[in-house]
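Here is the structure we will look at, set down as structure tokens.
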Amino acid sequence: MDISSGAVLVSDQRQASVSGRFVDSAYKLEADGFGAICTSSIFRQILPHFKDYEKYLAGLRQIPSRQKAVKNILQKDGIVSAAVPSRDLAEIFCISQVSACCELLRGKNIPISELNREGMRLLVQQTTAPLKDEPAISSEIPPDQYNETQRGLLAAVNVIQNLDTIRVVQAIRQLGFLNTRSDSIHQLSLAVGNAYRDLVGLHAVPRILAEDSSSGGILKFDVLDRQAAHTVLINNDPIYTRHFSSLNNKQEERVLALNMDVGQAIDILISKQKESGLAKRNLVVGLRIDHRKIPNVGDFLRQVTAVIDQSADLFLTIGAGNSQSEFEDRLRCFDDLFNALSRAELKPLRILMHKQGSLEDQRSSPLFGNIEYTSYQILHCKLLRKKLGKIYHRV
Numbered sequence: 040m041d042i043s044s045g046a047v048l049v050s051d052q053r054q055a056s057v058s059g060r061f062v063d064s065a066y067k068l069e070a071d072g073f074g075a076i077c078t079s080s081i082f083r084q085i086l087p088h089f090k091d092y093e094k095y096l097a098g099l100r101q102i103p104s105r106q107k108a109v110k111n112i113l114q115k116d117g118i119v120s121a122a123v124p125s126r127d128l129a130e131i132f133c134i135s136q137v138s139a140c141c142e143l144l145r146g147k148n149i150p151i152s153e154l155n156r157e158g159m160r161l162l163v164q165q166t167t168a169p170l171k172d173e174p175a176i177s178s179e180i181p182p183d184q185y186n187e188t189q190r191g192l193l194a195a196v197n198v199i200q201n202l203d204t205i206r207v208v209q210a211i212r213q214l215g216f217l218n219t220r221s222d223s224i225h226q227l228s229l230a231v232g233n234a235y236r237d238l239v240g241l242h243a244v245p246r247i248l249a250e251d252s253s254s255g256g257i258l259k260f261d262v263l264d265r266q267a268a269h270t271v272l273i274n275n276d277p278i279y280t281r282h283f284s285s286l287n288n289k290q291e292e293r294v295l296a297l298n299m300d301v302g303q304a305i306d307i308l309i310s311k312q313k314e315s316g317l318a319k320r321n322l323v324v325g326l327r328i329d330h331r332k333i334p335n336v337g338d339f340l341r342q343v344t345a346v347i348d349q350s351a352d353l354f355l356t357i358g359a360g361n362s363q364s365e366f367e368d369r370l371r372c373f374d375d376l377f378n379a380l381s382r383a384e385l386k387p388l389r390i391l392m393h394k395q396g397s398l399e400d401q402r403s404s405p406l407f408g409n410i411e412y413t414s415y416q417i418l419h420c421k422l423l424r425k426k427l428g429k430i431y432h433r434v
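40 is the number of the first residue of the sequence shown in the numbering used here; add one for each residue after it.
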């Protein structure tokens, strides 16, 4: 899927700095975490899951002990902290991290003897060496005017964006949610940036195949690309005007990219659903969403209710923001959403992927990745239009 003409959104805001040093640091951090997992006893235990990951996920629903473990994880009022995980939750996040690193190591064949922290850092260092000294790309440069090195930087940033997306979505999937096949998903994505995460990362399937060789075992890392049946993308940033136009031209049957405010886009979507039979949405996504995109929770749920099917998954994440105050605003946004969905008796799930303590400590201590690109919290809920419609109907 070629969406490489899109601009880059690394942090939550367009003005975030994207440089070779950022890429080098992110790659090494992710590789180091993966190397640590590889040297632990759990790695050989979970490795077989990646031969056919889709089959593994489907099989989880048939294992009573797994269902009991998930029930225990979810029993605390719908809020799950990964800071002090149970053994079962730790395994889920190990699998999620390995899934993410399939994107980092996509296409590489790695001797098992090199699967350690030092070996992984050296491997990604070779990948990032040509980019390490590349300065930050100005947000004012249109993507179609990037030089070759800047395009390489863009590709590397897309990998970083993707692996964060894979990590959070696989955590949710292992808990038994988001289990609709990609080719049956009719998706609505909000505040999408260049849409790489929404079109690619969200549906990616990690794969690791073992292969014997004369010098010992080799692991082959890959990601199988999947795509939703249809995706509506919304972002009002004018820097994406050309990119969205290109997506509409290249993928007319599967993508509707709307470069406008959410309210206007929702009106267009409602019209197309009524007049041309565009399917109701069964997945609503906002990856590392800016709290300012949801200024009023009631209005947001009212807009969503108007375009979803009888049921739909809501999948949102938040990042650190560009300041402590922005981070706290994002937390308040999730508080409001969680409370509203709870009042509607929809049993939302909120996963905290940062350390506990003061709000400052929470922002400075993500459990995965670093502050510029990682997801700090996940909010998932199975939306039921009938229940939402009683409270959040459009006037």
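C-beta atoms are modelled at their ideal positions from N, C-alpha and C, and glycine is treated no differently.
Asked	Found
Could you have a look at Thr-413 and say whether DSSP puts it in helix, strand or coil?	coil
Does DSSP put Leu-272 in a helix, in a strand, or in coil?	strand
Over the uninterrupted alpha helix (DSSP H) stretch that includes Gln-213, give me the two end residues.	187 to 213
Skipping 5 residues on each side, what residues in its chain have a beta carbon closer than 6 Å to that of Val-47?	Only weak support exists for where Val-47 lies, its pLDDT of 43 falling under 50; the coordinates are left without a value.
Rounded to whole angstroms, what is the Cα-Cα separation between Lys-107 and His-88?	20 Å
Once you ignore the five residues that flank Thr-188 on each side, which residues in its own chain have a CB closer than 6 Å to its CB?	Glu-173
If you draw a straight line from the C-alpha of Ser-223 to the C-alpha of Ala-318, how long is it?	11 Å
Can you tell me whether Gln-303 is buried or exposed, with buried defined as 16 or more other CB within 10 angstroms of its CB?	exposed
With a CB to CB cut of under 6 Å and the five nearest residues on each side skipped, what residues in its chain are close to Asp-51?	With a pLDDT of only 41 at Asp-51, under 50, the local geometry of the prediction cannot be trusted, and no value is derived from it.
The beta strand (DSSP E) spanning Gly-256 covers which residue range?	First-last for Gly-256: undefined, no H or E at that position.
Use the C-beta contact count for Arg-389: other C-beta atoms within 10 angstroms, 16 or more gives buried, fewer gives exposed.	buried
Can you list, in chain order, the residues of its chain with a C-beta nearer than 8 Å to that of Leu-96? Leave out the 5 residues immediately preceding and following it.	Arg-212, Gln-213, Asn-218
Can you tell me whether Pro-103 is buried or exposed? The criterion is at least 16 other CB atoms within 10 Å of its CB, across all chains shown.	exposed
Any chance you could list the alpha helix (DSSP H) runs of at least 4 consecutive residues sitting entirely within the segment 270 to 309, in chain order?	280 to 289
Give a yes or no on contact between the segment 257 to 269 and the segment 139 to 152, applying the rule of three or more CB pairs nearer than 8 Å.	yes
Does the segment 379 to 399 come within contact of the segment 408 to 424, defined as at least 3 CB pairs closer than 8 Å?	yes
Using 8 Å as the threshold, is the C-beta distance between Ala-243 and Ile-205 below it?	yes
Work out the CA separation of Ile-85 and Gly-98 for me, nearest whole Å.	14 Å
Write down the C-beta distance between Ile-305 and Gln-342 rounded to the nearest angstrom, noting that I regard them as a contact closer than 8 Å.	5 Å
Determine, using beta carbons only, whether Leu-406 and Glu-367 come nearer to each other than 8 Å.	no
Taking all protein chains shown into account, decide if Asn-335 is buried (16 or more other Cβ within 10 angstroms of its Cβ) or exposed.	exposed
By Cβ distance, which residues of its chain are closer than 6 Å to Leu-380, with the 5 residues on each side in sequence left out?	Pro-387, Cys-420
Kindly indicate the opening and closing residues of the alpha helix (DSSP H) around Ile-76.	59 to 77
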